[in-house]
Amino acid sequence: MNVETRMHPASQPSSLEIVPTGAQLGAEIRNVDLRHFDDRAFTSLLGAFHDYSVLLVRGQSLTDQDLIAFSRRFGDLDFAPIQENGRRFVEGLPEIYIVSNVKVNGEAIGSLGAGEAVWHTDMSYLDTPPIASALYALEIPPAGGNTSFCSMYAVYDALPSDLKHRIADLKIKHDGTYNSGGFVRQGVTPTDDPRTSPGAVHPLVCTHPESGRQMLYLGRRRNAYLMGLELAESEALLDTLWTYVARPEFAWEHVWKVGDLVIWDNRCTMHRRDPFDDHARRIMHRTQIKGTQRPQ
Ligand code: OGA
Ligand code: MN
0 MNVETRMHPA SQPSSLEIVP TGAQLGAEIR NVDLRHFDDR AFTSLLGAFH
50 DYSVLLVRGQ SLTDQDLIAF SRRFGDLDFA PIQENGRRFV EGLPEIYIVS
100 NVKVNGEAIG SLGAGEAVWH TDMSYLDTPP IASALYALEI PPAGGNTSFC
150 SMYAVYDALP SDLKHRIADL KIKHDGTYNS GGFVRQGVTP TDDPRTSPGA
200 VHPLVCTHPE SGRQMLYLGR RRNAYLMGLE LAESEALLDT LWTYVARPEF
250 AWEHVWKVGD LVIWDNRCTM HRRDPFDDHA RRIMHRTQIK GTQRPQ
């Protein structure tokens, strides 16, 4: 970047480019430096976020403060949970959450390890789940650790109409026992009975407050429960619905490079991560945009 553009960040918006992935969701935003861009550029970016649900911006060099400042444009941020050792991931920056397998002096610097993270949406076990999460790649293993996203609009649209009818008024409990890496959340007594496990109850079919489109709101499979049904019936219906999630035609897979930022709409997408070799290092810094309303 030359001095001219650095001095006049307002000259950027005309060059911002939106390149759809061609999949059911996702677009790459090109020609933007997320450290310097103005309200007009942000308006285009937000429009693309609502149209494509997941945005990829490559080639960034963001400090934690830059990542926080960019994320704040979408809304207030959640604080990352306090670790078991009583510390924040990044001292003094409670908004930063680290996703990493790296250990320093035997202690993990972040969450999720090197295993698979199964399909999920973030923190849907809360009454007011986050609007979005942003993940920024600092170190990437030579292979594995790809992240896939799927469109829950596309999944809902694909359901046969009798199935849509059957689920129209159902409510689903989103389990708060396990995270997507299979680890028990802090302060929770593990249980594998979906009827009694802790969690939030949301409508199974929700309408996105910005796009007005309907989507299937599943959260995650483990310990999910369709309220009021016999357990076996709930399990069978959930299994049927999940067969749609697993279809590659509703998904887009991202292969990371250092400097990539991906922000996803947590309301209408789910994501999963491939495992990778635990001897390799993967370090991602992450922010989460606070929810403002219950899914409905
Ligand atoms: C997350 C998450 C997957 C990844 O940050 O919420 O699920 O690719 N991360 O690290
Ligand atoms: Mn996640």
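Numbering-wise (numbering that gives the first Met the number 0), the sequence shown opens with residue 0 and increments by one. Ideal Cβ positions, reconstructed from N, Cα and C, are used throughout, including at glycine.
- Message: Taking 7 Å as the limit between beta carbons, can you name the residues of its chain near T190, skipping five residues before and five after?
- Response: T176, S196
- Message: For the beta strand (DSSP E) containing R57, name the first residue and the last one.
- Response: Note, R57: premise wrong, no beta strand (DSSP E); not H, not E.
- Just jot down, in chain order, the residues whose CB lies closer than 7 Å to any heavy atom of ligand 2. A116, H119, D121, S132, S179, H270
- Quick one: does the C-beta of M283 sit closer than 7 Å to a heavy atom of ligand 1? yes
- Query: Taking contact to mean at least 3 C-beta pairs separated by less than 8 Å, is the region 267-274 in contact with the region 141-151?
  - Reply: yes
- Message: I need the DSSP call for A279, collapsed to helix, strand or coil.
- Response: coil
- Message: Quick check on DSSP: helix, strand or coil for W241?
- Response: helix
- Can Q59 and G258 be called in contact, C-beta distance under 8 Å? yes
- Task: Within its chain, find whatever has a CB closer than 6 Å to the CB of R87; leave out the 5 residues flanking it on each side and keep chain order.
- Result: P93
- Message: I need the straight-line Cα distance from Q295 to F275, nearest angstrom please.
- Response: 36 Å
- Which value, in whole angstroms, describes the spacing of the CA atoms of L240 and E229? 17 Å
- Message: Tell me which residues share the same chain as P128 and place their Cβ nearer than 6 Å to its Cβ, disregarding the 5 neighbours each side in the sequence.
- Response: M122, G290
- Compute every distance between the C-beta of T146 and the non-hydrogen atoms of ligand 1, then say whether any falls below 7 Å. yes
- How long is the line joining the alpha carbons of A279 and R212, rounded to whole angstroms? 40 Å
- Compute the minimum distance between the beta carbon of V98 and the heavy atoms of ligand 1, and state whether it is under 7 Å. yes
- Message: To the nearest angstrom, how far is the alpha carbon of L162 from that of A245?
- Response: 17 Å
- Item | Inter-residue CB distance, A47 and A26 (contact presumed, cutoff 8 Å) | 5 Å
- Task: Between the Cα of P80 and those of E234, R29, S110, F69, spot the shortest distance and give me the residue it belongs to.
- Result: S110
- Query: Excluding the five sequence neighbours on either side, which residues of its own chain have a C-beta within less than 7 Å of the C-beta of S70, listed in chain order?
  - Reply: L76, A133, T286, I288
- Message: Given this structure, state the Cα-to-Cα distance separating A9 from G186, to the nearest angstrom.
- Response: Caution is warranted here: a pLDDT of 46 is assigned to A9, below 50, making its placement in the model unreliable, and the coordinate value is therefore given only provisionally. Going from the Cα of A9 to the Cα of G186 covers about 47 Å.
- Would P141 be called buried (16 or more neighbouring beta carbons within 10 Å of its own) or exposed? exposed
- Under the three-state DSSP convention, the category S132 falls into: strand
- Message: My output table needs one value for Q287: the three-state DSSP class, helix, strand or coil.
- Response: strand
- Message: What would DSSP say about I97, mapped onto helix, strand or coil?
- Response: strand
- What is the C-beta distance between I130 and G74, in whole angstroms, given that I count them as a contact (C-beta under 8 Å)? 6 Å
- On the three-state DSSP scale, how would you describe L162? helix
- Message: For ligand 1, I want to know if L260 counts as a neighbour, meaning its beta carbon is within less than 7 Å of at least one of the ligand's heavy atoms.
- Response: no
- Message: So, with DSSP's three-state summary, where would you put V154?
- Response: helix
- Whole alpha helix (DSSP H) elements within the region 10-34, 4-residue minimum: none
- Can you find a heavy atom of ligand 1 that lies under 7 Å from the Cβ of L134? yes
- At which residue ranges does the region 160-218 contain complete beta strand (DSSP E) runs of 3 or more residues, listed in the order of the chain? 170-174, 198-202, 204-206, 213-215
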